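*Asks:* Going by this note's numbering, the final residue of the sequence shown carries number 262, and the count climbs one at a time with no gaps.
We put the CB at the ideal spot given by N, CA and C, even for glycine.
Bear in mind that the values here come from a model prediction, so they are computed numbers and not experimental data.
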Amino acid sequence: MDQEHFLSGSDQEKYRLKEKYLAVIVQMKQNRIPRNVLSYNLWMNACAELSGVGSAEEVYKEMIHDKNVVMGWSSLSTLANIYQKSGAVNQAFWALREAENKLSSCNRLGYLFLSTIYTSLNRKDEVVRLWKASKGVKGRITCANYMCIFSCLMKLGDIKEAENIFLEWESQCRTIDIRVPNIVLGAYMRNGMMKKAESLFIYSLNRGGCRNYKTWEIFTEGWVRSNEMDKAIDTTRRSLSTLEYLPLVLLFSSVCILI
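1. With a CB to CB cut of under 8 angstroms and the five nearest residues on each side skipped, what residues in its chain are close to residue 20?
2. Helix, strand or coil for residue 224, going by three-state DSSP, please let me know.
3. Is the separation between the beta-carbon of residue 232 and that of residue 182 shorter than 8 angstroms?
4. Return helix, strand or coil for residue 231, following the three-state DSSP convention.
5. Nearest to residue 114 by CA position, among 171, 155 and 89, is which residue?
6. Residue range of the alpha helix (DSSP H) that residue 112 falls in?
7. Could you tell me if residue 190 is buried or exposed, where buried requires 16 or more neighbouring beta carbons within 10 angstroms of its beta carbon?
8. Can you name, in chain order, every residue of its own chain whose Cβ lies under 7 angstroms from the Cβ of residue 67, other than the five neighbours on each side?
9. Specify, as a first and last residue, the run of the alpha helix (DSSP H) that residue 170 falls within.
10. Would you kindly work out how many angstroms separate the C-alpha atoms of residue 15 and residue 239, rounded to a whole number?
11. With distances taken Cα to Cα, identify the nearest neighbour of residue 162 among 222, 94, 186 and 120.
12. Return the residue from the list 77, 129 and 119 that minimises the CA-CA distance to residue 107.
13. I'd like the list of long-range same chain contacts for residue 225, defined as Cβ closer than 7 angstroms, with 5 residues on each side in sequence excluded.
14. Just how far apart, CA to CA, sit residue 35 and residue 49?
15. Please report the Cβ distance between residue 87 and residue 120, rounded to the nearest whole angstrom; I am assuming they are in contact, meaning their Cβ atoms lie under 8 angstroms.
16. Rounded to the nearest angstrom, what separates residue 24 and residue 194 at their Cα positions?
17. Roughly how many angstroms separate the alpha carbons of residue 28 and residue 84, rounded to a whole number?
18. Once DSSP output is grouped into helix, strand and coil, what is the label at residue 57?
19. DSSP three-state call for residue 37: helix, strand or coil?
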């Protein structure tokens with residue numbers, strides 16, 4: 004019985020897409036169509052899912068010898084992620100180190116990708132180190148950059164370091180993009196730090212931040228965890244009032260939080 008038989012509907016669709024992609028690669032080879040970096044990255048992922056790490060490594064070796072492409076951080080981070088998912092920790096660290104050697108001095112994107120993989124490997128020290136290194140890249144550090152480091156640190160359970168970086172962020176921004184404090188709010192709520200969450204919320208509003216559906220959803224979950232049901236119902240009402248059109252799935256999820 005093949006592997007696909009044991010997968011859920013959505014996973015079966017993903018499985019079939021990967022099989023189709025491998026078929027496309029075969030056709031490209033037959034027609035002598037050159038592969039690019041993106042096609043190699045997708046090929047590695049497909050092989051890892053369908054045939055295991057060894058198959059992905061074969062693609063990596065083929066890419067090394069392909070004169071039409073240049074091995075960059077994205078391909079090495081793809082390989083590192085494959086190793087990480089398979090539990091090959093030492094190989095993942097090797098691929099991450101190789102990827103870091105190819106990071107751009109003009110773009111922070113690679114730093115963010117590597118940070119998320121280090122987060123999955125539970126290496127907070129490497130995440131913080133990469134964050135500090137990314138500051139040396141030219142250009143403004145965007146809200147997306149801050150959101151990434153906050154998400155990584157929250158997953159690693161280091162609220163204190165996230166607070167330090169948050170102070171750095173808010174001292175540099177003119178107005179508050181609520182998506183950034185929302186990440187910190189979520190961590191406070193999940194850890195029962197309701198007073199801190201309320202203080203940050205009020206501070207964000209005073210700095211010009213505009214609360215959104217996600218903000219109220221975070222508070223609703225926090226109040227439920229704290230068994231403050233009246234407040235949970237109030238924030239649920241507020242969250243629903245922010246939406247002009249309410250998808251059924253969002254209504255269902257809001258009700259489920261309160262049950």
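*Replies:* From the atom records:
1. Taking the first residue of the sequence shown as position 1, residue 20 is located at position 17. Answer for residue 20: no residue qualifies.
2. The residue given as residue 224 occupies position 221 in the sequence shown. In this structure, residue 224 counts as helix in the three-state DSSP scheme.
3. Within the sequence shown, numbered from 1, the residue matching residue 232 stands at position 229. Within the sequence shown, numbered from 1, the residue matching residue 182 stands at position 179. No, the Cβ-Cβ distance between residue 232 and residue 182 is not below 8 angstroms.
4. To locate residue 231, count along the sequence shown from 1; it is residue 228. Coil, per DSSP.
5. Start at 1 with the first residue of the sequence shown, and residue 114 comes out as number 111. Per the Cα distances, 155.
6. The residue given as residue 112 occupies position 109 in the sequence shown. Counting along the chain, the alpha helix (DSSP H) containing residue 112 begins and ends at 112-123.
7. If you number the sequence shown from 1, residue 190 lands on position 187. So residue 190 ends up on the buried side.
8. Locating residue 67 in the sequence shown gives position 64, where the first residue counts as 1. The answer, listed in chain order, is 74.
9. If you number the sequence shown from 1, residue 170 lands on position 167. 162-175 is the extent of the alpha helix (DSSP H) around residue 170.
10. Taking the sequence shown and counting its residues from 1, one reaches residue 15 at position 12. Taking the sequence shown and counting its residues from 1, one reaches residue 239 at position 236. Residue 239 has its alpha-carbon roughly 35 angstroms from the corresponding atom of residue 15.
11. Taking the sequence shown and counting its residues from 1, one reaches residue 162 at position 159. Closest by alpha carbon: 186.
12. Taking the sequence shown and counting its residues from 1, one reaches residue 107 at position 104. Out of 77, 129 and 119, 77 has the C-alpha closest to the C-alpha of residue 107.
13. Start at 1 with the first residue of the sequence shown, and residue 225 comes out as number 222. The residues are 192, 197 and 200.
14. For the purposes of this step, residue 35 is identified with residue 32 of the sequence shown, where counting begins at 1. For the purposes of this step, residue 49 is identified with residue 46 of the sequence shown, where counting begins at 1. Residue 35 and residue 49 have their C-alpha atoms spaced approximately 20 angstroms apart.
15. Position 84 of the sequence shown, counting from 1, holds the residue named residue 87. Position 117 of the sequence shown, counting from 1, holds the residue named residue 120. The beta carbons of residue 87 and residue 120 sit about 6 angstroms from each other, so the pair counts as a contact at 8 angstroms.
16. In the sequence shown, the residue the question calls residue 24 occupies position 21. In the sequence shown, the residue the question calls residue 194 occupies position 191. One C-alpha to the other measures close to 43 angstroms.
17. Your numbering for residue 28 matches position 25 in the sequence shown. Your numbering for residue 84 matches position 81 in the sequence shown. Their backbone Cα atoms lie some 21 angstroms apart in a straight line.
18. Numbered from 1 along the sequence shown, position 54 holds the residue referred to as residue 57. Three-state result, residue 57: helix.
19. What you label residue 37 is simply residue 34 of the sequence shown in a count that begins at 1. Of the three classes helix, strand and coil, the one that applies to residue 37 here is coil, per DSSP.
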